[in-house]
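S.K.: One structure, pasted below without further comment.
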Amino acid sequence: MSDRRYAPSEIEPKWQQLWARERTWEVANDPDHAADHSYVLEMLPYPSGEPHVGHLKNYALGDAIAHYRRRTGHRVLHPMGYDAFGLPAENNAIKTGVHPRVATDKSIASYRHWFHRWGISIDWSRELSTHEPSYYRWTQWIFLKFYERGLAYRKEAAVKWCPFDQTVLANEQVIDGRCERCGHEVELRQLEQWFFRITEYADRLLEDLDTIHWPEHVKAMQRNWIGRSEGAEVVFRCDALATDYTVFTTRPDTLFGATFFVMAPEHPDVFRLVAGTEHEAAVHEYVNRALTESAEARGDADKPKTGVPLGRTVTNPVNGEQLPMFVADYVLMEYGTGAVMGVPAHDQRDYEFARAFDLPIRPVVAPADAEDPDVSEQAFTAHTEHEKLINSGEFSGMDAVAGRNAIVARLDAEGRGRPSVNYRLRDWLISRQRYWGCPIPMVYCGQCGLVPVPEDQLPVQLPEIEDYQPRGKSPLAAAEDWVNTTCPSCGGPARRETDTMDTFVDSSWYYLRYCDPRNDRAAWDRRVLDSWMPVDTYIGGVEHAILHLLYSRFFVKALADMDLIGVQEPFRTLFTQGMILGPDGNKMSSSKGNVVAPSQIVERFGADAARCYVLFMGPLEQDAAWSDNGVQGVHKFLTRLWRLGDGLAEEAGPGPAPQPPAPEGDALGLVRKANWAINKVTGDIRDRWSFNTAISAVMELVNEVYLHLDADLEARRFAVATAASLVFPFAPHLGSEVYEQLTGERVWEQPWPDADPEMLVTPTFMLVCQVNGKVRDRVEAPTGAAREELEELAMAARGVQAHLNGHQVVKVIVVPDKLVNIVVKA
RNA sequence: GCGGCGGUGGUGGAACGGUAGACACGAUGGACUCAAAAUCCAUUGUCCUUCGGGACGUGUGGGUUCGAAUCCCACCCGCCGUACCA
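Residues in the first sequence are numbered consecutively from 0, following numbering that gives the first Met the number 0.
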C-alpha cells in the first residue's frame, strides 16, 4: 500500500465544487410525473451566528434519506431556507444599532457556507428566506385569505404580555408562566390583538393525528395541548340578578353533590353581583390582588385555596337548592365559562376550598363495595360503571356512567343543560409589537374602519427605521411616513396596522413555497404544489412539537378548506432527532463552556467524519453526549476505507467492479459479507431509521476486507466498491472518491445496490444446541436440513451429551436453520 | 396528578420470542519506531477453574413459554411534556 494519506480537506472541496458546478441536486418541477416524487425536508434553521452540531445532525440525517431515495428511483425535493425574522436579531439591533437585516444576512451567509462545506445535497435554486419581500408578500396574502374567511380576526382579550420583550405572546410561547425567549414572567393584559381561529380546527387537528406517521410522544403532546374534554354545560340561575350562569363540567353525574358556586376573578359579572352590597369592598380587594399576581404564583396548585363570598346564590337545576356564590382565583377565566359548580366530595380542588370555607361535603357517588365513599381526607374521584350514584334523587342507584347520561338528558329536556365538548386550545395570538417581522397588511380608516390592503398592493414593505426600541407598541408606529396612508376603499386618510406577525406564521407555510419558490404571480401553482405535497419525510427537533407542527397543520387544513391545496396534512412522516449534549453530558451552552463547534470538527477530521459520527452516536431519536474519541474512531474507519480504495486503485486501476461470478474461499466470504452488508444497510435505512447500525455494518464489511487482504482481487474490489456505495449517504465525499477510484463512475448516479439472494445464504450454518433452553454446544449443519437431521446432529453434539447423561428427553424443539432445544426431565 | 418514553459491560450502544453484549470508545498486552504520533495484531460482562469448562448475569418481584432483555401483571428509579383545565 502507498503512503499517501486520507485528506478530507482535499477530497471534500473537490466534490463540493463539482456538485455546485453541475447543479447536481437541483430538481425541476414535473407535475405530470408526480408518482415518483419524494419530498425530504428538515426544519428550516433560524439563522443566528454559525450553525451548531444540532444543525449538523439534522441536515446529515435528512441528507442520508435524500440520497437513499434518489438512488432508489425517486425525484427528490430537498430544499433549504431561513426563518429570518425574529427577536434575537432585533434585540441585537437595539444593543448595537446594526439593522437586523444586516446581522441576519451575515448569519445566512455563514449557514449557506457551512451547508456547502458539509456537502449537504440541497437544491439551491429553491433557496428562500422569510424576511425577503418576495416571500413575505405571500405570507401577507395568506393572512388576507384567512381574514376573508373569518379565520383572522381582531378582538380584545386578556393576553400574555412579556414586560421585557414588550410584546404579547401566544399561549404556546409561555413556558411555566415565563416568556420562552427571555425567561421573564409574563403578565396578563387586556388588549385588542390579532388572532387566528385555530380553535375552529380543534377536532380535525385531533382526529387527523391518526392519519399521519408521527412519533407517539409528539402526537400525545398535541392531544394534550388541544385538550378535548367531553362533558356538559349546565345552567345555574341567579334570581337576584335574573341572570343565567352556564358552567362546563366533565362530571354531570355529581350535580346533586354541588354545594357552592365559584367565579373567576376576571369574570365580567363579579363586580355587578356585589355592587352596593356589604361584600363589595372585600371582593374588589380580592380581585385586584388576584389580577396583579404573577401567572406563575397564581398557577401553583399547592398553594392554599383562597376566595371571598359574593353574598348571592344560584339555583342548582337538578334539585332547586340555593348554592352560595364565591369568587376564587383557582377558577380560570380562560377555560370553560370562567365559572364552576363546587362539588367538594368528588373534586379535589373543590374539596380543599370547602374545607377552607367550612362548606358542606356531600357524597353522591359511592364505590361498588361500600354505602358511602370515604371523603374524610380527600375527594373521591372514581366514576366508572362500577361506581353508583347515591343521594341523587331518582338517579340514585344508577351506575356513574349511566347516571351521568341520564342527568344530562333530563337537563337537556328541561332546557337547563346539554352535552358539550370543551378544549384547552386557545386561538393563536399572532400580532407582535415588534419591528423585525412581517407587517400585517391592514389599514384603519376613519370612514371605513378596518380595511385589508388589496392583493395587488402587496407586499406591504417593512419600512426602514432607526430606533428599534419597543415601547409598548410597535417601533413601526414611529415611522410616520409609512403609517400614514390612504384608505384602499374610500381613498381618504388612513393609518397602517403597526403590529407585525409572530414569526411562526412565516414558518407555517415555507414548505409550500419551496415547491414553486420563484413564482411571482402566485404563492404557488396548484398543480406543482400537489405534485410534491405532502412532505414525505420531515425531520427536526422535538421542541417544535406543539408550536410549529401544530400551526403548520392548521395552515394546511385552512388552505385546503379554501381549495388552495389538495392535502389535509403537511407532513406525512415526522422524525424527531435527539439533542447532541456537550462532552460533560449537559445541554451545550456557552455559559457552561461545553459547546462543540462543527467548524473545528470539520477542520480536524473532515465533514464526512463529522456527519458519520453524529449519525453513529446512537439511535437518532435519542440524546447523546459528544465524544472527541468517538469522532476519531469514525475518522479511523473512513481512513481504513479510503486506504483500501487507494490501494486497489494502485493495484488495478479504474474499471467495473461487479460481483465475481464464482468466488471461492476467502473471496466467497468477502462476497457474502458484502451482500450481507447491502441487505443490512438497506433495511436499516428504509425500515428502521437505524443509521448507527447501518454504519456499523459498513464497518464490519471494511474490517472483513482487512482480514482477507490476500483474497482474490475481484472480490476485494467488489467488497470495497460496495462499502463505498453503502457509505455514500452518510459520507458522500468519501463514498464518491473511493467509488470513482475503483470504477471511474459517479456513485450517486448508480442505483442503490441489490443484494444477491444466493449470497445471503450459506451452505452450512452453526446449529445452536440447547438443553432446557441453555446453549450447550454449536455444531455445523447443512442449511435447509430436515428437522430430524438437525435433531440427530444436536443429540450427538458433545456438549449436549454431557448434559443429557441419563435424563429422560421429554420434548425436542427444532427451529430450522437456527437451533434445537432438547427438553429433559430433571 | 395526567400523558409519553426509558432502565443491558468501565462508556455510547447491539440483539424487536431463539447464541445477550454486534459496532465503536476506553483499558491491558504485543509488533513497528531512537522516540512519539500514526498503523497493525491480541485480550477485554462478573466470579470460579484442574484451562476441558462451569456458575451467574439485561432495575425489582411474579407470570406466560421448550425458550424472555424482548410478551403480560405489580412495583422501584430516571427522563420529557403538561397541569388549580372543572
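Heads up, the beta-carbon is just placed ideally off N, CA and C, and yes, glycines get one too.
Only a predicted model underlies this, so the values are computations on that prediction, with no experimental measurement involved.
By alpha-carbon positions, which one of Phe717, Asp683, Glu320 and Val774 ends up nearest to Leu643?
M.R.: Nearest option by C-alpha distance: Phe717.
S.K.: For Val541 and Thr575, what's the separation of their Cα atoms in angstroms?
M.R.: The straight-line gap from Cα to Cα measures roughly 5 Å.
S.K.: Beta carbon of Thr502, beta carbon of Tyr537: below 9 Å?
M.R.: Contact: no.
S.K.: Does the segment 175-189 come close enough to the segment 101-111 that 3 or more CB-CB pairs lie under 8 Å?
M.R.: Result no; under three Cβ-Cβ pairs closer than 8 Å.
S.K.: Expressed to the nearest angstrom, what Euclidean distance is found between the alpha-carbon atoms of Gln631 and Phe604?
M.R.: So the alpha carbons of these two residues sit roughly 8 Å apart.
S.K.: Would you tell me roughly how many angstroms separate the C-alpha atoms of Tyr422 and Ala201, rounded to the nearest one?
M.R.: Going by the C-alpha atoms only, they are around 8 Å apart.
S.K.: Quick one: which unbroken alpha helix (DSSP H) runs of 4-plus residues sit fully inside the segment 292-369? Chain order, please.
M.R.: Complete alpha helix (DSSP H) runs here, min 4: 294-297 and 347-356.
S.K.: For the beta strand (DSSP E) containing Val827, name the first residue and the last one.
M.R.: Nothing about residue 827 can be read from this structure; the chain reaches only from 0 to 825.
S.K.: Using only the alpha-carbon positions, how far apart do Thr245 and Ala338 sit?
M.R.: If you take the alpha carbons of Thr245 and Ala338, they lie about 7 Å apart.
S.K.: Near Lys591, which residues of its chain fall below 7 Å by C-beta distance, leaving aside the five closest residues on each side in sequence?
M.R.: The residues are Gly581 and Asn585.
S.K.: Where does His212 fall in DSSP's three states?
M.R.: Reduced to three states, the DSSP call for His212 is strand.
S.K.: By DSSP, does Met0 sit in helix, in strand, or in coil?
M.R.: The predicted model places Met0 with a pLDDT of 42, which falls under 50 and marks its position as unreliable, so this point remains unresolved.
S.K.: In this structure, how does DSSP classify Arg403 when only helix, strand and coil are distinguished?
M.R.: In this structure, Arg403 counts as helix in the three-state DSSP scheme.
S.K.: Quick one, are the C-beta atoms of Val504 and Phe142 less than 9 Å apart?
M.R.: Contact flag set, yes.
S.K.: Could you pull out every residue in the same chain whose Cβ sits closer than 7 Å to the Cβ of Leu759, ignoring the five residues on either side in sequence?
M.R.: Closer than 7 Å at the Cβ level, and outside the excluded window around Leu759, lie Asn674, Trp675 and Asn678.
S.K.: If you reduce the DSSP assignment to three classes, tell me which class Thr249 lands in.
M.R.: Looking at Thr249 - three-state DSSP - the assignment turns out to be coil, as it is neither helix nor strand.
S.K.: Check whether the Cβ atoms of Asp46 and Gly230 sit closer than 9 Å, and answer yes or no.
M.R.: Looking at the sequence itself, residue 46 is Pro, so the reference to Asp does not match. Cβ distance not < 9 Å, so Pro46 and Gly230 don't count as in contact.
S.K.: Just the C-alpha distance for Thr291 and Pro264, rounded to the nearest angstrom, thanks.
M.R.: Thr291 and Pro264: Cα-Cα distance of roughly 11 Å.
S.K.: Quick check on this structure: which residue in Gln468, Leu546 and Val527 has the alpha carbon closest to the alpha carbon of Asp168?
M.R.: Residue identity check: residue 168 is Leu in the sequence provided, not Asp. Per the Cα distances, Leu546.
S.K.: From Asp607, Gly682 and Val633, pick the residue whose C-alpha is nearest to that of Asn702; which is it?
M.R.: For Asn702, the nearest C-alpha among the options comes from Val633.
S.K.: Which of helix, strand or coil does DSSP assign to Trp751?
M.R.: Note: Trp751 maps to coil in three-state DSSP.
S.K.: In chain order, what residues of the same chain have a beta carbon less than 6 Å from the beta carbon of Trp117, not counting five sequence neighbours either side?
M.R.: Ala606.
S.K.: Within the continuous beta strand (DSSP E) that includes Ile119, where are the two ends?
M.R.: Careful: Ile119 lies outside any beta strand (DSSP E) and carries neither H nor E.
S.K.: Just to confirm before moving on: does the CB-CB distance between Lys773 and His802 stay below 9 Å?
M.R.: Yes, the pair counts as a contact, with Cβ atoms nearer than the cut-off.
S.K.: Any idea if Lys13 is buried or exposed, counting beta-carbon neighbours within 10 angstroms, 16 or more meaning buried?
M.R.: Exposed, since its Cβ has fewer than 16 Cβ neighbours within 10 Å.
S.K.: Is it true that the CB of Trp625 sits closer than 9 Å to the CB of Val737?
M.R.: No, Cβ-Cβ distance for Val737 and Trp625 is not below 9 Å.
S.K.: Using a Cβ-Cβ cutoff of less than 8 Å, which residues in the same chain neighbour Gln165 once the five nearest sequence positions on both sides are dropped?
M.R.: Hits under 8 Å: Gln432, Arg433, Pro469, Arg470 and Gly471.
S.K.: Could you name each continuous beta strand (DSSP E) segment of 3 residues or more that falls completely within the segment 763-788, going from the start of the chain to the end?
M.R.: 763-770 and 773-781, all fully within the segment 763-788.
S.K.: Check each candidate in Arg797, Glu699 and Gln800 and name the one with the smallest Cα separation from Phe636.
M.R.: Of Arg797, Glu699 and Gln800, the residue nearest in Cα terms is Glu699.
S.K.: Could you check where the beta strand (DSSP E) with Arg571 kicks off and where it finishes?
M.R.: That run of the beta strand (DSSP E) goes Phe570 to Gln576.
S.K.: Could you tell me whether the segment 776-795 touches the segment 721-735, where touching means 3 or more Cβ pairs closer than 8 Å?
M.R.: At 8 Å Cβ cutoff, the stretches do not touch.
S.K.: Which value, in whole angstroms, describes the spacing of the CA atoms of Trp523 and Leu204?
M.R.: Each residue's alpha carbon lies about 24 Å from the other.
S.K.: What does the alpha-carbon distance come out to for the pair Met0 and Val719?
M.R.: Interpretation of Met0 is limited by its pLDDT of 42, a score under 50 that renders its predicted location unreliable; the figure taken from the coordinates is listed afterwards. Met0 and Val719: Cα-Cα distance of roughly 15 Å.
S.K.: Where do the N-terminal and C-terminal ends of the beta strand (DSSP E) with Glu229 fall, by residue?
M.R.: Ser228 to Cys237 is the extent of the beta strand (DSSP E) around Glu229.
S.K.: What are the boundary residues of the beta strand (DSSP E) that includes Gly448?
M.R.: Run containing Gly448: Gly448 to Pro451, per the beta strand (DSSP E) assignment.
S.K.: According to DSSP, is Tyr45 part of a helix, a strand, or is it coil?
M.R.: Tyr45: coil per DSSP, three-state reduction.
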